[in-house]
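In this note's numbering, the protein residues as written are 5 to 236.
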């Protein structure tokens, strides 16, 4: 692949045609590697406001390299590691890096000479972090402010925002369906109207500190509420 129009046309087509978020991320790391010719690429996405385990990588080695971020960025470690808050970060030579010496040394021991981390963000949403790893020191320097990589990352981030929005919408639809089914069970079994049945579900949710969707799902699955008797 090259950085001509056909490269980005193929990227756009792949991103738009894939409805699964993790498959999209896996495709994205392939495009990043094809563009930059780096040795490994890894992406991690946020879940619940924190960085999740690797969402995708070019290989098991890429996963292992990205895992060093957790080892050297944990609360027990003596130093932090760069994250998306810091923007684009280049470790030009892991053998001589004063900012993150332990992390850089661990990468150097794995044969990594240079690292570039790029935030994934779009439409006001911080999604995660893209990391590029190369054996040769200095080989990622040109990509730290490269327009082609910036465009690729932007396209990927927009696609991920859209996919997450679609997943959230589908989750809401599924929850509404479950609650409706649970209401129907209570209405038939206990001669309740729709509002009364919903009030019962909400009471069990609040008293048990359980999501309303989960209460409804249990009732639909087992035909039983968590405990007690439903009231009007």
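In this text, a Cβ means the ideal position worked out from N, Cα and C, and glycines have one as well.
- Using a Cβ-Cβ distance cut-off of 8 Å, the region 191-203 and the region 160-174 are not in contact, since fewer than three pairs of beta carbons, one from each stretch, lie closer than that value.
- Secondary structure of residue 22 (DSSP, three-state): coil.
- Scanning the region 180-215 for uninterrupted beta strand (DSSP E) segments of 3 residues or longer gives nothing; none is fully contained.
- Pairwise C-beta distances place the region 140-150 out of contact with the region 177-189, as fewer than three of them are shorter than 8 Å.
- For a cut-off of 8 Å, the C-beta gap from residue 220 to residue 205 is around 6 Å, short enough to register as a contact.
- Under the three-state reduction of DSSP, residue 123 is assigned to strand.
- In this chain, the alpha helix (DSSP H) harbouring residue 111 covers 105-113.
- Between the region 5-21 and the region 92-108 there are fewer than three C-beta pairs closer than 8 Å, too few to call the two in contact.
- Inclusion of residue 59 and residue 73 in the CB contact set at 8 Å is not warranted, their separation being larger than that value.
- By DSSP's assignment, residue 94 forms a beta bridge with 120.
- The C-alpha of residue 32 lies about 7 Å from the C-alpha of residue 160.
- DSSP, read as helix, strand or coil, puts residue 139 in coil.
- The shortest CA-to-CA distance from residue 123 to any of 216, 141, 97 and 50 is the one to 50.
- Rounded to the nearest angstrom, the gap between the Cα atoms of residue 151 and residue 120 is 15 Å.
- The way I'd put it, the region 104-115 doesn't touch the region 12-23; fewer than three beta-carbon pairs between them come closer than 8 Å.
- Contact between residue 28 and residue 163 holds, since their C-beta atoms are separated by about 6 Å, short of 8 Å.
- In the assembly as shown, residue 91 is an exposed residue. Its beta-carbon has fewer than 16 other beta-carbons within 10 Å.
- An exposed status is given to residue 23, since fewer than 16 other beta-carbon atoms sit within 10 Å of its beta-carbon.
- The beta carbon of residue 222 lies closer than 7 Å to those of 230 in the same chain, with the five residues before and after it left out.
- Sequence-distant partners of residue 97 (beyond 5 residues in either direction) whose C-beta falls short of 6 Å from its own C-beta, in its chain, are 141.
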